[in-house]
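**Student:** Counting from 861, one number per residue, gives the positions in the sequence shown under this note's numbering. For each residue, glycine too, the CB sits at the ideal point set by N, CA and C. Right, I'll just put the structure down here and ask away after.
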Amino acid sequence: MAKILDEAWYGRLQDISATVDETFALLEPTPDELAVKREQFERSGYTESPSLYPSSDVIERLRAPKEAFRALLSDIKTTEKNPLVRDEYIAYIDDALLNMELVEAAARRDDTAYEALNMRLYGRPDENMHRAVVAWIRNDTEVSIADDTGLLRELGEKVLLQLPNTDGDTRIIIPSDDTFRKVRKLHFDNDGVYTQLFGENGLPSAEIIKQEEGDLICRQALDRIGAGNYEIADAPNVTWAVSRLPRRLYRPRGYQLTRNDFIGLVGHEIGSHILESINGARQPLRLLEMGLAGYLKGNEGRGLLREQVVYESITEALAQPAWEYCIMKHLAISLVLGYGDERYDFVRLYDLLYGLYRFWRERRYPSHPINEEYSREHAWFLTVRILKGTDGKGGCYQKDIVYLEGIAGLWRLAAISSDIIVLGDQGKFNLLDERQRKLFASLHES
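Next comes the structure, spelled out in structure tokens:
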């Protein structure tokens, strides 16, 4: 086995990190508080923006890990001789400290610092991608309602009225048919990614996968990649997610998914995020288990790409809820930051997201009795996700731009070399960052 380059530091870094919850969780009010806020918002007729600051108690909870991170940073700067290890650990710890400062700014209700820290961590959304998203939604809506005279047209026309008046080139966020086919082949060949992930029993065949069967399949996939110590747990909301410490796969309680949606989510969460950690732990730089600083854009983009290649064509993939969710997140952040005519607050953003959910849901399931309930619930969760850490009237948590910008960038890379997508399975680094790709390659040079 290759020498571990960061053996002196990795265990200490892990121990400190284990004392800090994920930023996205620290930024939110408690589930009980959110339930009350949702009730109040609905009682107001969806007209009063809820405050979404975390409790001020979180500042004290972060005090000890901040001090521990700073002490570790000082020791590394003073004693680590390997420039690769030193630089990557400094970047990682700086990023961790910025995330804690972000949470503290939200807890102090310092909106100016909160926005500045978001910009340092994630930057501004790509304006050309924002324009492309608006153009894609507008075109998709116009085509869908062209021959409709009923409720779908009414819902679609409302969406068109709410969209910003901008033009964009949708080709920058969508791969060519040829690139899509090449990457899909990598996943479904005899020794492809999905073939290996789902094992000898093969991909699930049922059209609908319910929790009981799905959890068994997830457990088998976890065992196959050497992640048998991961627990499968109920998610606090409607989304799937992964936590490395504690080692958990979160999924909504009582889920029922189409076969393709389920395969894609397993490929995203287990076959990408968890596999990267498992393989990263075997690298000469163990930090690749936790992730190099800024790895999220390539990491999340790759996970989404694996949801898309489940489908036969890119056209079919773009007709799925996963794509809609991806572009809504980018659109929401852009509008809150003022890419439209003015900055959106909670009320205005919720209204737009509700309209999009309602339109897409009606198109997918015409006149279904839960369309309204579904759209209200998902619009609430997504608006909270974007505006957490704020008063609901300005600013947002900007992390979610990494999904669209990540997948669009990876499709551009795949157009040059489709094999690069699989390289990301070897650890948590940003495939879109040439420096990080070269760093990873250097670890395996003889």
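Tell me, to the nearest whole angstrom, how far the beta carbon of Val1282 is from that of Val1053; I am working on the premise that it is less than 8 angstroms.
**Tutor:** Yes, they are in contact, since the Cβ atoms of Val1282 and Val1053 sit about 7 angstroms apart, within 8 angstroms.
**Student:** Taking the straight line between their C-alpha atoms, what separation do you get for Ala992 and Lys941?
**Tutor:** Computed Cα separation, rounded: 46 angstroms.
**Student:** Do you know how far the Cα of Glu1149 is from the Cα of Gly1287?
**Tutor:** Approximately 6 angstroms, taken between the alpha carbons.
**Student:** Taking the continuous alpha helix (DSSP H) assigned at Thr1039, which residues delimit it?
**Tutor:** Taken as a continuous stretch (DSSP letters only), the alpha helix (DSSP H) holding Thr1039 covers Asp1037 to Phe1048.
**Student:** Candidates Leu944, Ile1130 and Tyr1115: which alpha carbon is nearest Cys1078's?
**Tutor:** For the residues Leu944, Ile1130 and Tyr1115, the minimum Cα distance to Cys1078 belongs to Ile1130.
**Student:** Where do the ends of the alpha helix (DSSP H) carrying Leu962 lie?
**Tutor:** That run of the alpha helix (DSSP H) goes Pro943 to Ala967.
**Student:** Of the residues Pro891, Glu1160 and Asn1120, which one's Cα is nearest the Cα of Ala1179?
**Tutor:** Ala1179 has its Cα closest to that of Asn1120, out of Pro891, Glu1160 and Asn1120.
**Student:** Under DSSP, the beta strand (DSSP E) around Glu1091 begins and ends at which residues?
**Tutor:** Glu1091 -> beta strand (DSSP E) spans Glu1091 to Asp1094.
**Student:** Could you say which of Glu1202, Leu1191 and Met960 lies nearest to Met989 if we only look at CA atoms?
**Tutor:** With distances taken between Cα atoms, Met989 lies closest to Leu1191.
**Student:** Per DSSP, which one or two residues make a beta bridge with Lys1070?
**Tutor:** Lys1070 is bridged to Gln1116.
**Student:** For Arg969, I'd like the list of residues in its chain whose CB is within less than 8 angstroms of its CB, leaving aside the five on either flank, ordered along the chain.
**Tutor:** The residues are Tyr913 and Asp1251.
**Student:** Report yes if the C-beta distance between Val994 and Thr1030 is below 7 angstroms; otherwise report no.
**Tutor:** Not a contact, by the Cβ cut-off of 7 angstroms.
**Student:** Gly1154 and Leu1291: beta carbons closer than 7 angstroms?
**Tutor:** The answer is no: Cβ separation not under 7 angstroms.
**Student:** Keeping to the same chain, check which residues put their C-beta closer than 6 angstroms to that of Leu922; ignore five residues upstream and five downstream.
**Tutor:** The residues are Met960.
**Student:** Per DSSP, what kind of secondary structure is Arg1142 in: helix, strand or coil?
**Tutor:** Reduced to three states, the DSSP call for Arg1142 is coil.
**Student:** Excluding the five sequence neighbours on either side, which residues of its own chain have a C-beta within less than 8 angstroms of the C-beta of Ala924, listed in chain order?
**Tutor:** So the list reads Thr879, once near-sequence residues are dropped.
**Student:** What does DSSP give as the partner residue(s) for Arg1108 in the beta ladder?
**Tutor:** According to DSSP, which records beta bridges pairwise, Arg1108 is partnered with Glu1091 and Ser1103.
**Student:** Counting along the chain, where does the alpha helix (DSSP H) carrying Lys1259 start and finish?
**Tutor:** Per DSSP, Lys1259 belongs to no alpha helix (DSSP H) and is neither H nor E.
**Student:** Which stretch, first to last residue, makes up the alpha helix (DSSP H) that contains Asp997?
**Tutor:** Per the sequence shown, the amino acid found at residue 997 is Ile instead of Asp. Element bounds for Ile997: Glu987 to Ile1005.
**Student:** On a Cα-Cα basis, can you pick out the residue from Lys926, Val963 and Gly1088 that is closest to Thr883?
**Tutor:** Checked all of Lys926, Val963 and Gly1088; the closest Cα to Thr883 is Val963.
**Student:** Evaluate Asp986 with the Cβ neighbour count: other Cβ atoms within 10 Å of its Cβ, from every protein chain shown; 16 or more gives buried, anything less gives exposed.
**Tutor:** Buried: at least 16 other Cβ atoms inside 10 Å.
**Student:** Give me the Cα-Cα distance between Met1188 and Ile1174, rounded to the nearest whole angstrom.
**Tutor:** Going by the C-alpha atoms only, they are around 18 angstroms apart.
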